[in-house]
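For reference, the structure is listed below as structure tokens.
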Amino acid sequence: QMLLVWLLGACVLFTTLALFLTFLALRVYSRRKAAASDVTRVVKGRTSVGFFHPFAHAGGGGERVLWCAVHAVQQSHPDLFCVVYTGDTSVNKSEFLELARNRFEV
């Protein structure tokens with residue numbers, strides 16, 4: 001019975017240690033990946049504000065709100081650097097800006 005308690009404790013300790021080490025590894029990985037990103041290089045040392053919209057290139061009403069908000073921030077705070085985070089990974093920066101200019105006139 002004492003052996004069973006010891007084995008159970010060892011399993012809990014091992015599982016906790018494995019989860020902690022996995023967390024640390026993921027944290028180091030994500031920080032290195034973020035440090036190597038284009039956005040980090042452009043924004044580094046500048047005051048910035050981020051906007052998130054999962055589908056910023058769909059051209060609907062939600063996108064109009066997004067681009068009007070970006071435009072309003074740029075007009076009232078020209079020193080801020082605006083970054084738009086989106087799930088649209090197949091669309092490049094120039095296509096996003098073209099959509100905002102042509103469809104929403106911002």
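Here the working numbering is used: the first residue of the sequence shown is 1, the next is one more, and so on. For each residue, glycine too, the CB sits at the ideal point set by N, CA and C. Quick caveat, the model's predicted, so the values are computed rather than measured.
Give the range of the alpha helix (DSSP H) segment to which residue i is assigned.
i, result
"Phe20", "Met2 to Ala35"
"Val42", "Asp38 to Val43"
Quick check on residue i: does DSSP put it in helix, strand or coil?
i, result
"His71", "helix"
"Val65", "helix"
"Ser90", "coil"
"Ala100", "helix"
"Leu95", "Per the sequence shown, residue 95 should be read as Glu rather than Leu. Here Glu95 sits in helix by DSSP."
For residue i, does the count of other Cβ atoms within 10 angstroms reach 16, so buried, or fall short, so exposed?
i, result
"Trp6", "exposed"
"Glu63", "buried"
"Ala100", "buried"
"Val12", "exposed"
Is the distance from the Cβ of residue i to the Cβ of residue j below 9 Å?
i, j, result
"Val73", "Val106", "no"
"Leu66", "Phe81", "no"
"Val39", "Val83", "yes"
"Phe96", "Thr86", "yes"
May I ask which residues mark the beginning and end of the beta strand (DSSP E) holding residue i?
i, result
"Ser48", "Ser48 to His53"
"Thr86", "Phe81 to Thr86"
Is the closest heavy atom of the ligand FAD to the C-beta of residue i under 8 Å?
i, result
"Leu8", "Ligands are entirely absent from the displayed structure, and the ligand FAD is therefore not among its contents."
Any beta carbon of chain C sitting closer than 9 Å to that of residue i?
i, result
"Val28", "No chain C appears in this structure, which consists of one protein chain only."
> So does the region 25 to 35 actually touch the region 56 to 73, counting three or more Cβ pairs closer than 8 Å?
Replying inline: No, they do not touch.
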